[in-house]
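Colleague: Let me begin by handing over the structure; questions about it come next.
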Amino acid sequence: MFWVVASTVIAVFMAITMMFIRLKASKKPASIKKIILPPIFMSTGALMFLFPEFQVKWIQVLEAISVGIIFSIFLIKTSKFQIQNRDIYLVPSKSFVIILFSLLVVRIVAKLIIGGSISFGETSGMFFLLAFGMIISWRIAMLYKFIQLEKQLKESST
């Protein structure tokens, strides 16, 4: 029970931190590097799967990543860019905070339900995969939108 509470507190802390980072990032121009680095940094968490207690079955991998991709749709819809002074900025969305906390609540409830039937390690592995599937698909969509605006900027300057 301690680990469930501790991991939930950490997830809430991470969500709050992410909101502040997102708000701060919207004040500076976006870049390809800023879009692709978070998933790369997060990918180091996959090292948990080297330990048997975190390993999950392939069907669980597919389920977790699929749910992550579905969850990412909400983040993709609220991530918009705009051109200001020849730079591309991420537009802060008022609904982003609501969506992020809603997804967090859904994840916590699911973790409590799933955690009763599978081990804490497997639950941790599945929720890492869910989050990774969510961030990868969200950032790919952001990258696509960013590149489209970058092309638009280049075309308008020539």
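The sequence shown: position 54 = 54 (my numbering), numbered continuously. We put the beta carbon where it would ideally sit given N, CA and C, even for glycine.
1. What number of angstroms, rounded off, separates the C-alpha of PHE51 from the C-alpha of ILE99?
2. State the Cα-Cα distance for the pair GLN152 and PHE41, rounded to the nearest angstrom.
3. With respect to the alpha helix (DSSP H) encompassing LEU100, which residues constitute its N-terminal and C-terminal limits?
4. Tell me whether GLN148 sits in a helix, a strand or coil according to DSSP, three-state version.
5. Taking the alpha-carbon positions, what's the ALA131 to GLN84 distance?
6. Between ILE88 and GLU155, which are expected to be in contact by the criterion C-beta below 8 Å, what is the C-beta distance as a whole number of angstroms?
7. Would you call the stretch 64-80 and the stretch 125-139 in contact, with 3 or more CB pairs under 8 Å?
8. With a threshold of 7 Å on Cβ separation, who are the neighbours of VAL61 within its own chain once the five nearest residues in sequence on each side are excluded?
Modeller: On the basis of the supplied data:
1. Going from the Cα of PHE51 to the Cα of ILE99 covers about 33 Å.
2. Separation of GLN152 and PHE41 (C-alpha to C-alpha, rounded to the nearest whole angstrom) is 29 Å.
3. Residues 94-115.
4. In the three-state DSSP reduction, GLN148 falls in the helix class (H, G or I).
5. Between ALA131 and GLN84, the C-alpha separation is close to 31 Å.
6. In this structure ILE88 does not touch GLU155 by the C-beta definition: roughly 14 Å separates them, more than the 8 Å allowed.
7. Yes, the stretch 64-80 is in contact with the stretch 125-139.
8. Sequence-distant partners of VAL61 (beyond 5 residues in either direction) whose C-beta falls short of 7 Å from its own C-beta, in its chain, are LEU129.
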